[in-house]
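A.B. asks:
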Amino acid sequence: MATDVQIAVRKIVSTNPATGETLREFECASEVEVHAAVIRAHAAQPAWAELGVRKRIAILRDFQTRLHLHKSEVAQLVAREAGKPYVEALLTEVLVVLDAARFLIDNAYRLLRDERIPHGNLAMKAKSGRLVREPYGVIGVISPWNYPFSIPATESLAALVAGNAVVVKPSEFTSLTAIALASLLHQAGVPQEIFQVIVGDGGTGATLINVAIDKLVFTGSVPTGKLIAQTAAARLLPVVLELGGKDPMLVLDDADIEIASRGAIWGAFINAGQACLSVERCYVHRSLYGPFLQACVRQTQQLRVGNGMDPETDIGPLIHQRQLRQVESQVEDARAKGARVLAGGKRLPEIGANYYAPTLLADVTHEMRIMREETFGPVLPVMPFDNDDEAVGFANASEYGLAASVWTRDRARGDSLARRIQAGTVMVNDVVSCFGISEAPHGGVKASGIGRSHGRVGLEEMVRIKYLDSDLLPGMEKIWWYGYGNAFQRQMEGLLDWQFASRLGQRLRGAVRAAGALKGKKPD
Ligand code: NAD
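Using numbering that gives the first Met the number 0, the letters of the sequence shown correspond one by one to residues 0 to 523.
(1) Spatial neighbours of residue 177 within its chain, please: CB distance less than 7 Å, with the 5 preceding and 5 following residues excluded, ordered by chain position.
(2) Check whether the Cβ of residue 145 lies closer than 6 Å to any heavy atom of the ligand NAD, and answer yes or no.
(3) Residues in its own chain within less than 6 Å of residue 259 by CB, not counting five upstream and five downstream?
(4) Report yes if the CB atom of residue 299 is closer than 7 Å to the CB atom of residue 242, and no otherwise.
(5) Do residue 171 and the ligand GTP come close, with the Cβ less than 6 Å from some heavy atom?
(6) For the candidate residues 56, 130, 129, 145, whose alpha-carbon lies nearest to that of residue 87?
(7) Pull up the CB-CB distance for residue 11 and residue 210, whole angstroms please, since I reckon it's below 8 Å.
(8) Quick one: is residue 512 buried, meaning 16 or more other Cβ sit within 10 Å of its Cβ, or exposed?
(9) May I ask which residues mark the beginning and end of the alpha helix (DSSP H) holding residue 314?
(10) In terms of alpha-carbon separation, which member of 238, 159, 207 lies closest to residue 216?
(11) Which runs of the beta strand (DSSP E) spanning at least 3 residues fall entirely within the segment 165-246, listed in chain order?
(12) Taking the alpha-carbon positions, what's the residue 381 to residue 313 distance?
(13) Taking 7 Å as the threshold (C-beta atoms), are residue 377 and residue 357 in contact?
(14) Could you tell me if the beta carbon of residue 433 falls within a distance shorter than 6 Å of some heavy atom in the ligand NAD?
(15) Residue range of the beta strand (DSSP E) that residue 380 falls in?
(16) Looking at the unbroken beta strand (DSSP E) that takes in residue 295, where does it start and where does it end?
(17) Could you compute how far the alpha carbon of residue 415 sits from the alpha carbon of residue 231?
(18) Where does residue 393 sit, in a helix, a strand or coil, going by DSSP?
(19) What whole-angstrom Cβ distance do residue 67 and residue 97 have, given they're in contact under 8 Å?
(20) Could you have a look at residue 388 and say whether DSSP puts it in helix, strand or coil?
(21) Regarding residue 218 and the ligand NAD, is the C-beta to nearest heavy atom distance less than 6 Å?
(22) Are there any heavy atoms of the ligand NAD lying less than 6 Å away from the beta-carbon of residue 30, as far as the coordinates show?
(23) Identify the continuous beta strand (DSSP E) that holds residue 406 and give its terminal residues.
(24) Identify every residue that forms a DSSP beta bridge with residue 26.
(25) According to DSSP, simplified to helix, strand and coil, what is residue 262?
(26) For residue 280, count the other beta carbons within 10 Å of its own beta carbon; 16 or more makes it buried, fewer makes it exposed. Which is it?
(27) Quick one: is residue 84 buried, meaning 16 or more other Cβ sit within 10 Å of its Cβ, or exposed?
(28) Could you say which of 374, 333, 446 lies nearest to residue 361 if we only look at CA atoms?
(29) Tell me which residues share the same chain as residue 506 and place their Cβ nearer than 7 Å to its Cβ, disregarding the 5 neighbours each side in the sequence.
(30) Who are the Cβ neighbours of residue 468 in its own chain at under 7 Å, not counting the five residues just before and after it?
(31) Nearest CA to the CA of residue 343: which residue from 264, 175, 46?
(32) Please report how far the alpha carbon of residue 266 lies from the alpha carbon of residue 290, in whole angstroms.
(33) Within 10 Å of its beta-carbon, does residue 461 have 16 or more other beta-carbons around it, so buried, or fewer, so exposed?
(34) Give me the residue from 65, 60, 137 with the minimum Cα distance to residue 103.
(35) May I ask you to report which of helix, strand or coil DSSP gives residue 0?
Here you go:
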């Protein structure tokens, strides 16, 4: 009797969060399709590596030109799929990627070149060492929806220029943007098999980790990051984990209130607060607390919430209802525990289902969820402190450690406080913008992740380091090979004395005893 085996196909929908309009429906890539993509990538990768860095850089330059040409289309697509204002998409997605390409075009050849490693071991002076940087093979990239273009693109460009093939599993909410990235790369000359996008949900991502990729670069939430780390550990898959944050902002007693409050408002509400680097906790010196809050209220009231495609919009919608409920429940928890809502604190259903008003909370405490859990929404909770030590203590009282900022008119004081804060990045007198500096490594400490993306350090994540040791006297037997005995022992003791004895006399005697060893001659 014939049986019908039905494999359930999971579907995902790309939706405009501003309007609820369905942009496109996709079927999640099946396990077989994910496997096939990685097998194709493996088969094509050696030729891509063989091409050489200079030729890959030329392809990157072509990609950069094409992206610049299509900047408006890409920014519009991001604005429609992720909801952010068009101008933010232009700056935080397109410009960031153009600049990341510029960094790699200018530096990848130099940074990926072999590097001589001089050494100081006298016994091995006839050896010359080099670091060789080799591509991993196939790098899996799993990315979130909040920066659907710049996150997968910056990570992939570094992986590609280093000679890897890349398989991207974008967020289920922003597949179209990832497909647009693939199209630009392919038009620029990256072979189809070398850069592939497999659309799907978390299950699709889980499949990608279990197939034969050689490294994974994951950007997303802490809970998913922990799951991934467990799976990766089982087969020692190297991972970079770029996870969530709860970034503190410290406004010191000598800060410029107007500038700092404007920075806080932008840093908390950019991308409707859905930025891993957004200001999630604001600590203000008690002497500035009142005026700072007043300035924040005034500025928040001027913000315009609406569809990101409208040039007059400052803040767009949240990505979906789940995100909105998370923000709402944290604000309600804070309100119930005594926080004062100075602005916002409510949904805006008259504009659309996913809108939440930019919200300013005063008198928050660390007992409230809003000061402990990642909010990822347009909320600025503000709390006073009495001195710098207390401010640093507050900043570090978090499981997260992605970024932080210190605001002061005294740069040296700012720098010194910055060194005491547990974070991957600390900015003095700015927020969020470090993501736009392609040379700057991006990543966190504590629960905010492992490893780095961007810049030289991010490029190093995309290569395996091989130490290549060449002997300059190939015809000579090595002194440390067999032929042990009393005389050899004395010679070796002399070698150690020569290099490490504290008294000069002992060192000289050691040098005499070791002389034969340096000539590579064993004592008779
Ligand atoms: P998420 O963890 O829900 O999802 C991220 C990606 O992982 C998505 O593509 C998702 O489909 C996939 N995924 C989900 N479950 C998986 C599993 N079990 N195995 C493999 N893949 C799985 O995160 P999100 O909601 O898309 O993004 C928001 C989070 O990302 C926030 O916490 C934010 O702080 C963080 N983030 C961090 C950075 C950074 O650079 N540190 C940047 C942007 C966003």
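Positions of the beta carbon are idealized from the N, C-alpha and C atoms, including for glycine.
C.D. replies: Answer, in terms of the structure:
(1) The residues are 147, 151, 167, 169, 196.
(2) The answer is yes for residue 145.
(3) Only 250, 406 meet the Cβ criterion.
(4) Their beta carbons are not under 7 Å apart, which means residue 299 does not touch residue 242 by this criterion.
(5) The ligand GTP is not among the ligands present in this structure, which contains only the ligand NAD.
(6) When 56, 130, 129, 145 are compared, the shortest CA-CA separation from residue 87 is found for 145.
(7) Contact between residue 11 and residue 210 is ruled out by a C-beta separation of about 20 Å, above the 8 Å threshold.
(8) Taking all protein chains in view, the Cβ of residue 512 is crowded by 16 or more other Cβ atoms within 10 Å, so the residue is classified as buried.
(9) Residue 314: not part of any alpha helix (DSSP H); DSSP gives it neither H nor E.
(10) In terms of CA proximity to residue 216, 238 leads the group 238, 159, 207.
(11) Counting whole runs of 3 or more residues, the segment 165-246 contains the beta strand (DSSP E) stretches 194-196, 214-218, 238-241.
(12) Approximately 21 Å between the Cα atoms of the pair.
(13) Taking 7 Å as the cut-off, the Cβ atoms of residue 357 and residue 377 count as close.
(14) With a cutoff of 6 Å, residue 433 does not count as near the ligand NAD, since its C-beta is closer than that to no heavy atom of the ligand.
(15) Per DSSP, residue 380 belongs to the beta strand (DSSP E) from 378-384.
(16) Not the beta strand (DSSP E): residue 295 falls in the alpha helix (DSSP H), residues 288-300.
(17) Distance between the alpha carbons of residue 415 and residue 231: 37 Å.
(18) In the structure shown, residue 393 adopts helical secondary structure according to DSSP, grouped into three states.
(19) The pair is a contact, with the Cβ atoms about 6 Å apart (cut-off 8 Å).
(20) Here residue 388 sits in helix by DSSP.
(21) The answer is yes for residue 218.
(22) Taking 6 Å as the cut-off, the C-beta of residue 30 does not count as close to any heavy atom of the ligand NAD.
(23) Residue 406 -> beta strand (DSSP E) spans 402-406.
(24) For residue 26, which the question treats as bridged, DSSP gives the partners 10.
(25) Here residue 262 sits in helix by DSSP.
(26) By the Cβ neighbour-count rule, residue 280 is buried, with 16 or more other Cβ atoms within 10 Å of its own.
(27) Result: buried.
(28) Nearest of 374, 333, 446 to residue 361, Cα basis: 333.
(29) Close CB contacts of residue 506 within its chain, under the 7 Å cut and outside five residues either way in sequence, are with 496, 497, 500 (chain order).
(30) 126, 128.
(31) When only C-alpha atoms are compared, the closest one is 264.
(32) C-alpha separation (whole angstroms): 19 Å.
(33) Burial call: buried.
(34) Of the candidates 65, 60, 137, the one whose C-alpha sits nearest the C-alpha of residue 103 is 60.
(35) Only weak support is given to the placement of residue 0: the predicted model assigns it a pLDDT of 45, under 50, and the value that follows is read from those uncertain coordinates. Note: residue 0 maps to coil in three-state DSSP.
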